[in-house]
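Residue numbers for the sequence shown, in the numbering used here: 3 to 210.
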Amino acid sequence: MENIIVGITGASGVVYGQRLLQALSDKSYPIHLSVSEAAIQVIESELNFTLNLDKFNISKFIDRENHSITYHHISDIAASISSGTLKTKAMIIAPCSMNTLCSIANGIASNLIQRAASVTLKEGRKLIVMPRETPLTPIHLENMLKLSKAQTCILPAMPGYYYHPKTIDDQVDFMVGKALDYIGIEYLPYTKKSYGEWRDMSPELMTT
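Listed below in structure tokens is the structure:
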């Protein structure tokens, strides 16, 4: 299996990164993870537990034994993911802060996540960013357009509702499934929720 890079930055919605890691880990994909300092603060605020940036407890974060995730400190510019020599399938930044998005769009690589994203683009590999910010300024939109023109998948954290989600987990599964679907990996919770019930809907509902 090819390596997949996951970046978690300081936007609200760290549960997206958590669920993404769980899904990839369950499929035994070799994962390279980097987490920003701001993301550590958001994890504490939103998930109600504390992690250390220097000694990131992967098993605690994904709530299961870690067998396939390699952690790289955000300041370790010499890490393997900072070079195109490491063959990767894709990089997903979830959630992606606007600071990170704007930095990547303008060629700034001041930390490992930004550097890995820059390498992903220059090597012609798939980059997916999941911004959650709202509302968006013209500056945000211009930078998203820059990345889109550079073949980046802009995947805002905007779950669909046609499958009648019952819980926050359902909405998180939808977005994680969208990201994985883009890189050709099936995520069963998304497949069932997104396509199963959608196919059962009447043609009238699907076109209105």
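A virtual CB, placed ideally from N, CA and C, is assigned to each residue, including glycine.
Own chain partners of residue i with C-beta closer than 7 Å, once the 5 adjacent residues on each side are dropped
{"i": "Ile115", "result": "Gly9, Thr11, Ser36, Ser38, Ile76, Ile95 and Thr102"}
{"i": "Ala107", "result": "Asn145, Lys148 and Leu149"}
{"i": "Tyr18", "result": "Ala96, Pro97, Met132, Ala159, Val174, Met177 and Val178"}
Cβ distance (whole Å) where residue i is taken to contact residue j below 8 Å
{"i": "Ile83", "j": "Ala118", "result": "4 Å"}
{"i": "Leu88", "j": "Asn145", "result": "That belief does not hold up - the Cβ atoms of Leu88 and Asn145 are roughly 26 Å apart, past 8 Å."}
{"i": "Pro97", "j": "Gly15", "result": "4 Å"}
{"i": "Ser70", "j": "Ile33", "result": "6 Å"}
{"i": "Val121", "j": "Ser85", "result": "7 Å"}
{"i": "Tyr99", "j": "Ala40", "result": "The question names Tyr, but residue 99 in the sequence shown is Ser. Right, the Cβ-Cβ distance comes to about 7 Å (below 8 Å), so this counts as a contact."}
{"i": "Asp175", "j": "Arg21", "result": "7 Å"}
{"i": "Ala92", "j": "Lys128", "result": "4 Å"}
{"i": "Leu55", "j": "Ile42", "result": "5 Å"}
Separation of residue j from residue i, as counted between CA atoms
{"i": "Phe58", "j": "His74", "result": "9 Å"}
{"i": "Thr90", "j": "Glu48", "result": "30 Å"}
{"i": "Arg134", "j": "Gly179", "result": "16 Å"}
{"i": "Pro191", "j": "Ala152", "result": "30 Å"}
{"i": "Ser27", "j": "Leu143", "result": "33 Å"}
{"i": "Asp78", "j": "Tyr164", "result": "42 Å"}
{"i": "Ser30", "j": "Ile60", "result": "15 Å"}
{"i": "Tyr189", "j": "Leu23", "result": "12 Å"}
{"i": "Ile7", "j": "Lys168", "result": "30 Å"}
{"i": "Pro161", "j": "Pro140", "result": "23 Å"}
{"i": "Arg66", "j": "Ala25", "result": "11 Å"}
{"i": "Ser112", "j": "Asp171", "result": "33 Å"}
{"i": "Gly211", "j": "Ala181", "result": "The displayed coordinates of the chain run from 3 to 210. Any statement about residue 211 would go beyond what the structure contains."}
{"i": "Leu53", "j": "Thr72", "result": "16 Å"}
Secondary structure of residue i, DSSP reduced to three states
{"i": "Leu143", "result": "helix"}
{"i": "Leu149", "result": "helix"}
{"i": "Met132", "result": "strand"}
{"i": "Ile156", "result": "strand"}
{"i": "Ile7", "result": "strand"}
{"i": "Gly86", "result": "coil"}
{"i": "Ile187", "result": "coil"}
{"i": "Tyr192", "result": "helix"}
{"i": "Lys180", "result": "helix"}
6 Å CB neighbourhood of residue i in its chain, flanking five on each side removed
{"i": "His166", "result": "none"}
{"i": "Cys104", "result": "Asn145"}
{"i": "Cys155", "result": "Ile130 and Tyr184"}
Same chain, Cβ closer than 8 Å to residue i, neighbours up to 5 away in sequence not counted
{"i": "Thr193", "result": "Gly179"}
{"i": "Gly126", "result": "Gln153"}
{"i": "Asn68", "result": "Ser27, Ile60 and Ser61"}
CB contact below 8 Å: residue i versus chain B
{"i": "Ser105", "result": "Judged by its chain identifiers, the structure shown contains no chain B, having just a single protein chain."}
Task: Uninterrupted beta strand (DSSP E) stretches inside the segment 11-55 (no shorter than 3 residues) - done: 33-37
- [ ] Any chance you could list the alpha helix (DSSP H) runs of at least 4 consecutive residues sitting entirely within the segment 91-138, in chain order?
- [x] 100-107 and 114-124
Task: Those runs of the alpha helix (DSSP H) which lie wholly inside the segment 56-81 and span at least 4 residues - done: 60-64
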